[in-house]
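Worksheet: one structure, shown below.
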Amino acid sequence: LEGLCSFLQLSTCPEPSLVRFCSWLLPLTPELSYTSAAILAEQLFLRRVLSLTQPPSRHLMAALTSFCSKYSHPLCRVLLAAVLQEPGEGAEQTKLLCELVEECLEPHSVQLVLSQVLEVPLSEKLLPVLQAVLGRQVRQCPLRALGFLAASSSAAVRTSSPVPLLGVFQEELPAELLDLLVLTLCRQGAAFAASLGYARLVTAVLTGYQSQVS
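So the sequence shown is numbered by the working numbering: it starts at 2 and just counts up by one.
Next up, the structure:
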């Protein structure tokens, strides 16, 4: 499949052709395997996404949205893994990930984003991604680690105004992932003592679970 993609020059084809190709993929039966979909995601989108220095074109977003509608899990794993490994701020890549999380990815793929982000040390460029995940996933449910979060992060939270991020929950986040998120915020709090983004993220979690915080 990689050889065929190279022969067809899919990684460099014009973006309108990319949209048509992705639309052609959707009705294929049987569906592509996970491995095949991941290879296609890499060939179709990886170079384009990593080279972004300005917001993606409407054609690229249309192609990504189309591909996500059927193969969001392999696309998410390919793109996120590459962005996490990419040095530097990657502002446009981060914005694109946030948009995919908010608008395109299936719930299980959003959970994959969170689990992958939590596997690496937090950085400023990842905080907006976590915000986007919370906006999609977090719902009010018991959380064992919230008391610890409140105690360890109070200094950072006092520097920021409350952000009502958790007011419109649509999907439930598994308790183990939510616990891991809170523990990660606690452990890395010292490194973000002056970070407004971190303070907003912590405030959002605490606001959503204030009834469980002692």
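Each residue gets a CB set at the ideal place from its N, CA and C atoms; glycine is no exception.
**OP:** May I have the straight-line CA-CA distance separating Arg188 from Leu29, to the nearest angstrom?
**Re:** Each residue's alpha carbon lies about 46 Å from the other.
Original post:
Ser67 to Gln112, Cα distance in whole Å?
Top reply: Rounded to the nearest angstrom, the two C-alpha atoms are 20 Å apart.
Original post:
If you draw a straight line from the C-alpha of Pro175 to the C-alpha of Leu33, how long is it?
Top reply: A straight-line Cα-Cα distance of about 28 Å links Pro175 and Leu33.
**OP:** Provide the residue span of the alpha helix (DSSP H) that contains Leu182, from first to last.
**Re:** Its alpha helix (DSSP H) spans residues 176 to 188.
Subject >> Contacts around Gln35, its chain only, beta-carbon distance under 6 Å, and the 5 residues preceding and following it disregarded >> reply: A small correction: the amino acid at residue 35 is Tyr; Gln does not occupy that position in the sequence shown. Hits under 6 Å: Pro75.
**OP:** Using a threshold of 8 Å, state whether the C-beta atoms of Val114 and Leu61 are closer than that.
**Re:** 8 Å or more divides the Cβ of Val114 from the Cβ of Leu61.
Subject >> Burial state of Leu65 (16 or more Cβ within 10 Å) >> reply: Label assigned to Leu65: buried.
Original post:
Assuming Gln132 and Leu202 make a contact with CB atoms under 8 Å, what is their CB distance in whole Å?
Top reply: About 6 Å separates the beta carbons of Gln132 and Leu202, which is inside the 8 Å limit, making them a contact pair.
Subject >> Buried versus exposed call for Gly136 [16 or more other C-beta atoms within 10 Å across all chains shown] >> reply: When all chains shown are included, Gly136 counts as buried.
Subject >> Endpoints, the alpha helix (DSSP H) within which Thr54 is located >> reply: Segment: none, Thr54 is in no alpha helix (DSSP H) and carries neither H nor E.
**OP:** Could you check if Gly4 is buried or exposed, using at least 16 other CB atoms within 10 Å of its CB as the buried criterion?
**Re:** By the neighbour-count rule (16 or more Cβ atoms within 10 Å), Gly4 is not buried but exposed.
**OP:** Measure the C-alpha to C-alpha separation of Gln55 and Glu93 and round it to an integer number of angstroms.
**Re:** So the two alpha carbons sit approximately 6 Å from each other.
Original post:
Hey, out of Gln86, Ser18, Ser12, Glu43, whose CA is closest to Arg59's CA?
Top reply: The closest CA to that of Arg59, considering only Gln86, Ser18, Ser12, Glu43, is found on Ser18.
Original post:
Among the residues of its own chain, which have a CB less than 8 Å from the CB of Leu53, if the five just before and after it don't count?
Top reply: Taking Leu53 as the centre and dropping the five residues before and after it, the same chain places the C-beta of Glu93, Gln94, Leu97 closer than 8 Å to its C-beta, in chain order.
**OP:** Give the straight-line distance between the Cα atoms of Thr208 and Ala200, rounded to the nearest whole angstrom.
**Re:** Just so you know, the alpha carbons of Thr208 and Ala200 end up roughly 12 Å apart.
**OP:** Locate the alpha helix (DSSP H) running through Pro17, then write down its first and last residues.
**Re:** Note, Pro17: alpha helix (DSSP H), 16 to 26.
**OP:** Tell me the start and end of each unbroken alpha helix (DSSP H) in the segment 58 to 109 that is at least 4 residues and wholly inside, in chain order.
**Re:** Fully contained in the segment 58 to 109 are the following alpha helix (DSSP H) runs of length 4 or more, in chain order: 59 to 86, 92 to 104.
Subject >> Separation of Ser7 from Ile40, as counted between CA atoms >> reply: Rounded to the nearest whole angstrom, the C-alpha separation of Ile40 and Ser7 is 11 Å.
Subject >> With 16 other Cβ atoms within 10 Å as the buried cut-off, status of Glu125 >> reply: The residue is exposed, with fewer than 16 neighbouring Cβ atoms inside 10 Å.
Subject >> Beta-carbon spacing of Val102, Val50 below 8 Å >> reply: No. Outside cutoff.
**OP:** Taking the CB atoms as reference points, tell me whether Cys69 and Leu11 lie closer together than 8 Å.
**Re:** No.
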